[in-house]
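These notes are about the structure you will find just below.
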Amino acid sequence: MGTPGVVTVASPPSPVRRGHRAYLSSAPHYDFPRYRQLVHEVTVAFSGISREVLHIAGRLRDELGRPELAQHLARLQEREQEKLQLTAQLQLARQQAQDQPEVDAHQQEVQELKHKLIKTIEAISEILQDLKYDSEEVE
Numbered sequence: 528m529g530t531p532g533v534v535t536v537a538s539p540p541s542p543v544r545r546g547h548r549a550y551l552s553s554a555p556h557y558d559f560p561r562y563r564q565l566v567h568e569v570t571v572a573f574s575g576i577s578r579e580v581l582h583i584a585g586r587l588r589d590e591l592g593r594p595e596l597a598q599h600l601a602r603l604q605e606r607e608q609e610k611l612q613l614t615a616q617l618q619l620a621r622q623q624a625q626d627q628p629e630v631d632a633h634q635q636e637v638q639e640l641k642h643k644l645i646k647t648i649e650a651i652s653e654i655l656q657d658l659k660y661d662s663e664e665v666e
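In our numbering, the protein residues as written are 528 to 666.
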């Protein structure tokens, strides 16, 4: 599980980004089965990480008497879920923009999703800072 008291947050691994780029480069005959398998593998990995974070949050709340830290982890998981959803939406939007470059709305959607993703990543950073600050209060 790692070092006690240390929380590690996973970002989507670079194989996902590379996999999506490879998928887009296979246009117009997309290799969807291969990409779907990659997404499945990443989903399984994220599910395992999520279970581990829930376990840690439970221990913080119930065994260590640190409900505020458990709450930070809950907020973190919500934002990570949001980030994952935005990433999937962005990948679909990029495909639409590539398939129909003449439709300006697709490019606009890509830009809007990028902006939302940046804001979500900033929120995740703030939560991590709060978690770090609050976890150091007892030391």
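From the three backbone atoms N, C-alpha and C, an ideal C-beta is built for every residue, glycine too.
Identify whether Arg602 lies in helix, strand or coil by the three-state DSSP scheme. Residue 602 sits at position 75 when you count from the first residue of the sequence shown. Of the three classes helix, strand and coil, the one that applies to Arg602 here is helix, per DSSP.
Going by the beta-carbon positions, is the gap between Arg637 and Ala620 smaller than 8 Å? Counting from 1 along the sequence shown, the entry for residue 637 is found at position 110. Counting from 1 along the sequence shown, the entry for residue 620 is found at position 93. Here residue 637 is Val; the residue named in the question, Arg, does not match the sequence. Taking 8 Å as the Cβ cut-off, Val637 and Ala620 qualify as a contacting pair.
Rounded separation between Glu579 and Val630 - CA only: Within the sequence shown, the letter at position 52 stands for residue 579. Within the sequence shown, the letter at position 103 stands for residue 630. Cα to Cα, the separation comes out at about 43 Å.
Just verifying my parser: in three-state terms, what is the DSSP assignment at Gln625? Within the sequence shown, numbered from 1, the residue matching residue 625 stands at position 98. Helix.
Beta-carbon spacing of Leu611, Leu644 below 8 Å: As a first step, residue 611 is located in the sequence shown; it is residue number 84 there, counting from the start. As a first step, residue 644 is located in the sequence shown; it is residue number 117 there, counting from the start. No, the pair does not count as a contact, with Cβ atoms beyond the cut-off.
Mapping the DSSP letters down to three states, classify Val630 as helix, strand or coil. Position 103 of the sequence shown, counted from the first residue, corresponds to residue 630. It is coil, neither helix nor strand.
Does the ligand MG have even one heavy atom less than 7 Å from the beta-carbon of Phe573? The ligand MG is not part of this structure, which contains no ligands at all.
Work out the CA separation of Ala615 and Glu663 for me, nearest whole Å. Locating residue 663 in the sequence shown gives position 136, counting from the first residue. Locating residue 615 in the sequence shown gives position 88, counting from the first residue. So the alpha carbons of these two residues sit roughly 35 Å apart.
Where Thr570 falls, given that 16 or more other Cβ within 10 Å makes a residue buried: Counted from its first residue, the sequence shown places residue 570 at position 43. Result: exposed.
Following the continuous alpha helix (DSSP H) through Leu667, name the residue where it begins and the one where it ends. For residue 667 there is no data in the structure shown, the boundaries of the chain being 528 and 666.
Skipping 5 residues on each side, what residues in its chain have a beta carbon closer than 7 Å to that of Leu613? For the purposes of this step, residue 613 is identified with residue 86 of the sequence shown, where counting begins at 1. Result list for Leu613: Leu640, Lys643, Leu644, Thr647, in chain order.
Quick check on Ser662: does DSSP put it in helix, strand or coil? Here residue 662 refers to the residue found at position 135 of the sequence shown. Ser662 falls in the helix class under three-state DSSP.
Is DSSP giving Arg593 helix, strand or coil here? On the sequence shown, position 66 is the one that residue 593 refers to. DSSP, reduced to helix, strand and coil, places Arg593 outside both helices and strands of the structure shown, so it counts as coil.
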